[in-house]
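Numbering-wise (my numbering), the sequence shown opens with residue 259 and increments by one.
Don't be surprised by glycine CBs; every beta carbon is placed ideally from N, CA and C.
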Amino acid sequence: MVLGCEIDFKDNPFGIYYAGQVISGSVSLNADKEKLVKSIILKIRGFAMTYWTEDETDVENKGTEESYSGHEDYIHSKVDLLVAEGTNVALKPGTHVYNFVCQIPAVCPSSFEGTHGRVRYTVTVKVIRPWKFDLTYSRPFTVLKVMDLNREGLFLNTPAQSEDQKTYNCWPCRSQPLRLQLSLPQRGFVPGQTIPVAVLITNDSHIGVEQIEASLVMMVLYYSQHSVDTISERFLVSKKQGEGVTRNSKKQYVFELPVPATPPTCFDLCRIIQIAYQVVVETKVKGWHINERVHLPVTIGNVPLNKQLTQQPRSIPVEVEVVAQQLDEKALVLVDDAAAAAMPAPVNPWAADATIDPPSYAEAVHIRAGPIKSNIKPPANRSRKSQEFSPSTTQTKENCAFTPLYAVFHINGETAKLQDIDRSTWI
């Protein structure tokens, strides 16, 4: 039996949508001869899941492996493409095209593929055959939550500062302090921008600073649904290094940290996976002394801040309880060719600002997507290509590999290549 299946999205070859938009696409089934089937089902699912294991020791000092997991659904809708009135129904030879549309809920979290969990959206066609294994064809697609930095509060458009100091040795030989000050001109950014990180180091101690490092760090927290246990991981998004500071001196730096393709900040839409970012500055001192570190949280969105400091109404409050969503089982419907052709193009969330050019889309290369049902990370020498497939490809299994794509904006040439050195000034 030769039965081919292609899942396509209308005017969207890579399958990238924003929460609240309508998916419009088609399923093409190609049969070389008449096939008997029980039914052919089209499903669209959106869900989050977590899974990890931990080694534990019981009261008898015996090692055990405890597993933790979580799951929640955002889209779960299906429709019959072909169904038998009796036992079986014949699928005629040739090409059979089915047009479909589906409303994405406005409060869906962004697609994400991590080591201990994922948020995934998938279109699946299942062919149920008599006396044979079922055939499954699947195509994941990317959904991005709408993270408009202009609607998240005025504080994202205001400067932020953090500082700390450290002394070395114990009394009465305690040194003068090493002071570290970190400043940002704003707290909200989008991929494609650079974060200007201003650092002032006042080294009144007798310990020299060998190097200073500024980095943008992504933090992911995974929750178990049936316990209070969590597991976290950190991803280094970007990093810049600067020269050190000799003792009894002061030096000022400006690091330009690029923000590459990466999922938006998310606290309020998913109960089992949360994503946050922070800018971290660390001084690496000589000898066995502990390094000093300061950090500031930043918000990564997908609609840039505008230059006017105006408060816009927010769709979701900052403090919101994450509750289970009501699933619309009838969100997926079949339409005829005329209705499919008349479907308007979805409106993108930044379209209201004519000064913002449409973004390009790329994968988040800093994220390690490993096997979900394991706490073992993939080997460092394992090729990412072996885990990927083209976002425009239909797969022959439901739980297939997938790499989401994220928006990267081109704002005033900020995506130009930056040097990996700092701009520093002795004071």
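Which value, in whole angstroms, describes the spacing of the CA atoms of P636 and I625? Confidence at P636 is low in this model, with a pLDDT of 39, below 50, so the placement of that residue is unreliable and no value is reported for it.
Range covered by the alpha helix (DSSP H) that runs through A596: D595 to A599
Among Q532, K384, V537 and Q653, whose alpha-carbon lies nearest the alpha-carbon of V377? Q532
Output yes or no for whether 9 Å exceeds the beta carbon distance between I221 and Y276. This structure gives no information on residue 221, because the portion of the chain shown stretches from 259 to 685.
For N346, three-class secondary structure by DSSP: coil
Whole-angstrom distance between R445 and F413, CA atom to CA atom: 7 Å
State the DSSP-derived secondary structure class of N606, mapped to helix, strand or coil. coil
Helix, strand or coil at R376 [DSSP, three-state]: strand
Does the separation of the CB atoms of V285 and F358 fall below 9 Å? yes
Let me make sure I understand the geometry here. Which of V455, F399, S496 and S482 has the alpha-carbon closest to that of E312? S482
C-alpha distance - L261 paired with A342, whole-angstrom precision: 18 Å
From P617 to L663, what does the alpha carbon distance come to, in whole angstroms? 11 Å
Is it true that the CB of Y332 sits closer than 9 Å to the CB of Y379? yes
Would P367 pass as a contact of P449 if the rule is Cβ separation under 9 Å? no
Select from E318, S297 and T400 the residue whose C-alpha is nearest the C-alpha of V280. T400
Tell me, please, whether the region 522 to 536 touches the region 465 to 472 by the rule of three or more beta-carbon pairs shorter than 8 Å. no
Quick check on R387: does DSSP put it in helix, strand or coil? coil
Euclidean distance between Cα positions of N210 and V355: Given that the chain is displayed from residue 259 to residue 685, the structure contains no residue 210 and the question cannot be resolved.
Let's see if you can read the secondary structure: which residues bound the beta strand (DSSP E) around I362? Premise fails: I362 is in no beta strand (DSSP E) and is neither H nor E.
Which whole runs of the beta strand (DSSP E) in the region 511 to 546 are 3 residues long or more, in chain order? 531 to 543
Alpha carbons only, please: which of G559, P351 and V383 is nearest the one belonging to P398? V383
Jot down the residue ranges of each uninterrupted alpha helix (DSSP H) in the region 404 to 461, minimum 4 residues, whole runs only, in chain order. none
Span of the beta strand (DSSP E) around I470: V467 to Y481
Let me check understanding here. Comparing Cα to Cα, which of R387, P607 and Q536 lies closest to T345? R387
Just the C-alpha distance for M601 and L592, rounded to the nearest angstrom, thanks. 13 Å
Based on DSSP bridge pairs, tell me the residues matched to Y332. Paired residue(s): none; Y332 is not in a bridge.
So, with DSSP's three-state summary, where would you put N319? coil
Rounded Cβ spacing between D422 and L438 (contact assumed at less than 8 Å): 6 Å
Span of the beta strand (DSSP E) around E501: T488 to V503
Quick check: what's the CA-CA separation for K336 versus S490? 34 Å
Please report the straight-line C-alpha distance between I558 and K403, rounded to a whole angstrom. 12 Å
Tell me, please, which residues DSSP counts as bridged to C263. L287
So, A534 versus K498, is the Cβ gap smaller than 9 Å? no
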